[in-house]
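Undergrad:
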Amino acid sequence: MIKLATIFPNQLNLNGDQGNLLALRKYLTAAGFDVEIGSLNQQTSSGDAHFVLFGHGSLAAMQSIDGVLKAMDWRKLMQIPGLAVGSGFEYLSRESFVSQKIVLGDRESEFQVATLGALQALGYRNTDSGLPNLAVNDQWICSMLHGPILAKNPLLLDRAAKAAVAAAGQEWPKLAPARLVKWVENLNRIASQIWQLETDEAYLPLAN
Amino acid sequence: MRYVLAILLGRLTRIAVRLVRPGGGSAFPGLVVSKLAPGILNRTLRSFPKGLVVVTGSAGKSTTTKMLVAIARAHGTLVFTNPTTANIRQGFYSSILEQSNIFGAIKGDVAILEMDEGHAAELVEQVKPRISVVLNVVEDQLDRFVDPALVREKLAKVALATTETLVLNADDQNMLLVGEQQTEKNTKWFGMSDQSAASKLGYAPTYLPKLERPNTTTTILGLEGTMLDVAVHGKHLKFELPARGAHFAVDAAAALETASVLLGAKFDSKLAERTLADLPPVFARGEVVQINGVDVEFILVQNPTSTQLNLDNLPANLERVLFAIGRDVHDPAWLWTVDPANLSPVDVVTGYNCAEAELWLRHHGFEPKLSTDDLAQAFEYWMTLPEPTSGLRTVIFSADAMRRVRRMFGFTSPNEVAR
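Respectively, the protein sequence lines represent chains C and V.
Numbers 1 to 208, taken from the numbering used here, label the letters of the first sequence in order.
Numbers 1 to 419, taken from the numbering used here, label the letters of the second sequence in order.
Right, dumping it as structure tokens:
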């Protein structure tokens, strides 16, 4: 069983950020794993999660959960694979759990592509924080590209899924199940269409 | 006299645009007039003896405005208003161009304008509304507004500029915050008696301690299907709404409350009831059209809340659905905040953002038969699929996809919208 955990899913879903867990679940299920999604709202430990999502919320939502966030054991959480997007990433930056610093500037509201090593991600950037579109801190991917970036970026999805599987002490199948092959075909087809609309950069498909 | 040239050039532009693009192109002539005669807007809006009524908020502006205008006109009031598609500054100029004489003057008692929340906050700095109806804040257009709290701030500016009466939604805590800042104003409230139903209307949470709900003077007492039971200042009205959903009932309550404020002692509740009972749907809110001799229902979705509410209110067991998300959805990420569990199998996904929509739908287990950004191809294929055994063929589309579909099939006149 792969256990995916999310922090305040109702509050931190302003741009459909919880869709990242849907994308992970669908991908892991297609790869043959059982998947469970839970919430970390009221507990300060990471439980036994294998992947944690920290989504994006409104200013008021972030203020309303600030006390609980402050009580969470982030040093421990960040040893588990995770994804922080938008205000989730900003929180980690403000509290110095990541090395990237907020430098306020002009607001950017547009589709952008981020590259980090072999990773590439397309998404919508809507921030004046100056934080990068893609960064890795401990086991976490951090991004200012909000919304369902794992669904739109199969390479990033694959990396997150494999990290969760490794955290669960399980192995990725050596031979991709037919269901996964078909799903990756769908993801590559749709993602390449989205890339054509939203950027001039070439889409790098996920190998099957 | 100083506006004659601008009006003439604006009208010539409109004729030229419509020759090229039948049924479209209202924005550009408005832009021409706004450049040549920027002062005409303020002058016009200040010219009505009963002042300016602004209808604003995140969702429900078009329906509320249409209902309010219909009630006012039924009472013999001469109303200047704007069409659904013209609720930003440029659109107001287009509406003046459309309805004024050659000197830029418009006969009328009152202006009732639907205003985009961003444009309303700017416009009221120059022309103060006598009455403002502020409907709600929902999490919408975040690529533009960034945060719901900032939308509330814009709406609070409209409330602050209002000189006489505010009409606010008692079931949206954002509106209670807006009203709290305007204690010196005459504030009227509308809302639902069923607080459980009201909580499902998707207003943006404030995450603040809940404010006490004020007493409403227009109250929705019940809604069964499309049959609305509503009390307006103690008078009991019952009539059929032009479209399904509690959000339309709330729009009707807002319109009725505002009409009673605007018309004062002249307000005839029975006449208002008859007027709303006979009202055709606003463009694509439950509108049924004929395509190739077949009835097709049009449902417009504009933001996460309206999408969720419309999907939740779909009839059970729909068999033929075409889903079209156009270019107006700048960042389609919000689709992922919507639960499509009540959506029947989707046959075709189309529109500029069809790939984003298909990605979202497939993650929810849908397997569309066709996904194409070519609307004509999408419709051609969809209409060849077998007729549904129950219900109507249903098109669910965003505003841009709606405009393109309407143009494609020649549904360009608001007068063609039938109940």
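In this text, a Cβ means the ideal position worked out from N, Cα and C, and glycines have one as well.
What residue from V/Asn342, V/Asp331, V/Pro280 and V/Leu263 has the CA that sits closest to leucine 78 of chain V's CA?
TA: Of the candidates V/Asn342, V/Asp331, V/Pro280 and V/Leu263, V/Leu263 places its Cα closest to the Cα of leucine 78 of chain V.
Undergrad: Go through its chain and collect everything with a Cβ distance to arginine 503 of chain V's Cβ below 6 Å, but skip five positions before and after it.
TA: Given a span of 1 to 419 for chain V in the structure shown, any question on residue 503 of chain V remains unanswerable.
Undergrad: Cβ of valine 487 of chain V within 7 Å of Cβ of isoleucine 96 of chain V?
TA: Nothing about residue 487 of chain V can be read from this structure; chain V reaches only from 1 to 419.
Undergrad: Compare the beta carbon distance of glutamine 139 of chain C and arginine 125 of chain C with 7 Å and say whether it is the shorter of the two.
TA: Contact: no.
Undergrad: Any idea if methionine 408 of chain V is buried or exposed, counting beta-carbon neighbours within 10 angstroms, 16 or more meaning buried?
TA: By the 10 Å Cβ count, methionine 408 of chain V comes out exposed.
Undergrad: Against chain C, with Cβ distances strictly below 7 Å, would threonine 162 of chain V count as a contact?
TA: no
Undergrad: Roughly how many whole angstroms lie between the Cα atoms of proline 132 of chain C and isoleucine 37 of chain C?
TA: Inter-residue distance for proline 132 of chain C and isoleucine 37 of chain C is about 28 Å (C-alpha atoms, whole angstroms).
Undergrad: Find out if the Cβ-Cβ distance for the pair proline 280 of chain V, alanine 243 of chain V is shorter than 7 Å.
TA: no
Undergrad: Of the residues that make up the segment 67-87 of chain C, which ones have a beta carbon closer than 9 Å to any beta carbon in chain V?
TA: The segment 67-87 of chain C vs chain V, Cβ under 9 Å: nothing.
Undergrad: Applying the criterion that 16 or more other CB atoms from any shown protein chain within 10 Å of the CB defines a buried residue, is glycine 91 of chain V buried or exposed?
TA: buried
Undergrad: Once DSSP output is grouped into helix, strand and coil, what is the label at arginine 327 of chain V?
TA: coil
Undergrad: Run through the DSSP bridge pairs and tell me what aspartate 452 of chain V is partnered with.
TA: This structure cannot speak to residue 452 of chain V, because chain V is shown only from 1 to 419.
Undergrad: Considering only DSSP beta bridges, list what valine 35 of chain C is partnered with.
TA: C/Ile2
Undergrad: Could you check what DSSP says for leucine 123 of chain C in three-state terms: helix, strand or coil?
TA: The residue asked about is misnamed: residue 123 of chain C is glycine in this sequence, not leucine. Here glycine 123 of chain C carries a strand assignment [DSSP, helix/strand/coil].
Undergrad: Whose Cβ in chain V lies nearer than 7 Å to the Cβ of serine 109 of chain C?
TA: What serine 109 of chain C touches in chain V, judged by beta-carbon distance under 7 Å, is Asp143, going in chain order.
Undergrad: Once the 5 residues before and after threonine 65 of chain V are set aside, which same chain residues still bring their CB inside 7 Å of it?
TA: Val55, Thr81, Ile112 and Glu114
Undergrad: Report the neighbours of glutamate 224 of chain V on chain C: residues whose CB is nearer than 8 Å to its CB, in chain order.
TA: Near glutamate 224 of chain V there are no residues of chain C at all, since even the closest Cβ is about 30 Å away, more than 8 Å.
Undergrad: When you compare each of V/Gln290, V/Ser196 and V/Gln141 to alanine 333 of chain V by their alpha carbons, which one comes out closest?
TA: V/Gln141
Undergrad: Could you tell me if proline 148 of chain V is buried or exposed, where buried requires 16 or more neighbouring beta carbons within 10 angstroms of its beta carbon?
TA: buried
Undergrad: Near tryptophan 189 of chain V, what residues of its chain come up, given a Cβ to Cβ distance below 6 Å and the 5 sequence neighbours on each side ignored?
TA: Answer for tryptophan 189 of chain V: Leu168, Ala170, Pro214 and Thr216, listed in chain order.
Undergrad: For the segment 163-191 of chain C, list every residue whose C-beta sits within 7 Å of some C-beta in chain V, in sequence order.
TA: Asn186 and Ile190
Undergrad: In three-state DSSP terms, what is threonine 63 of chain V?
TA: helix
Undergrad: Going by Cα to Cα distance, which pick from C/Leu155, C/Asn20, C/Gln120 and C/Gly88 is closest to leucine 59 of chain C?
TA: C/Gly88
Undergrad: Could you say which of V/Ser371, V/Glu184, V/Gln173 and V/Thr183 lies nearest to alanine 421 of chain V if we only look at CA atoms?
TA: Here chain V has residues from 1 to 419 only, and residue 421 of chain V is not among them.
Undergrad: What span of residues does the beta strand (DSSP E) with glutamine 112 of chain C cover, start to end?
TA: 108-116
Undergrad: Given a cut-off of 7 Å on the beta-carbon distance, is the pair leucine 71 of chain V and alanine 259 of chain V in contact?
TA: First, the amino acid is wrong: residue 71 of chain V is isoleucine here, not leucine. The answer is yes: Cβ separation under 7 Å.
Undergrad: Could you check which residue in V/Tyr352, V/Ser398 and V/Glu297 has the C-alpha nearest to that of valine 321 of chain V?
TA: Comparing Cα positions, the closest option is V/Glu297.
Undergrad: By alpha-carbon positions, which one of V/Gln99, V/Met383, V/Gly179 and V/Leu343 ends up nearest to glutamate 212 of chain V?
TA: Put simply, of V/Gln99, V/Met383, V/Gly179 and V/Leu343 the residue whose alpha carbon is nearest the alpha carbon of glutamate 212 of chain V is V/Gly179.
Undergrad: Give me the Cβ distance between valine 138 of chain V and tyrosine 203 of chain V, rounded to the nearest whole Å; I'm assuming they're in contact under 8 Å.
TA: 6 Å
Undergrad: Along the segment 205-229 of chain V, what residues have a CB closer than 8 Å to any CB found in chain C?
TA: Pro205, Thr206, Tyr207 and Leu208
Undergrad: Please go through the segment 111-187 of chain V and give each complete alpha helix (DSSP H) segment of 4 or more residues, from N-terminal end onward.
TA: 117-123, 142-145, 148-161 and 173-180
Undergrad: Buried or exposed, going by whether 16 or more other CB atoms sit within 10 Å of the CB of proline 414 of chain V?
TA: With a pLDDT of only 49 at proline 414 of chain V, under the threshold of 50, the placement of this residue in the model should not be trusted; the figure read from the coordinates follows. By the C-beta density criterion, proline 414 of chain V is exposed, having fewer than 16 other C-beta atoms within 10 angstroms.
Undergrad: For leucine 223 of chain V, report the span of its beta strand (DSSP E) as first-last.
TA: Per DSSP, leucine 223 of chain V belongs to the beta strand (DSSP E) from 218-224.
Undergrad: Report back the beta-carbon spacing between leucine 155 of chain V and glutamate 117 of chain V to the nearest angstrom; my notes put them in contact at under 8 Å.
TA: 6 Å
Undergrad: Would histidine 363 of chain V count as contacting chain C if we go by Cβ distances under 7 Å?
TA: Yes, histidine 363 of chain V lies at the interface with chain C (some Cβ there is under 7 Å from its Cβ).
Undergrad: Hey, glutamine 50 of chain C and proline 81 of chain C are a contact pair by Cβ (cut 8 Å); roughly how many whole angstroms apart?
TA: Looking at the sequence provided, one finds histidine at residue 50 of chain C rather than glutamine. Confirmed, about 7 Å.
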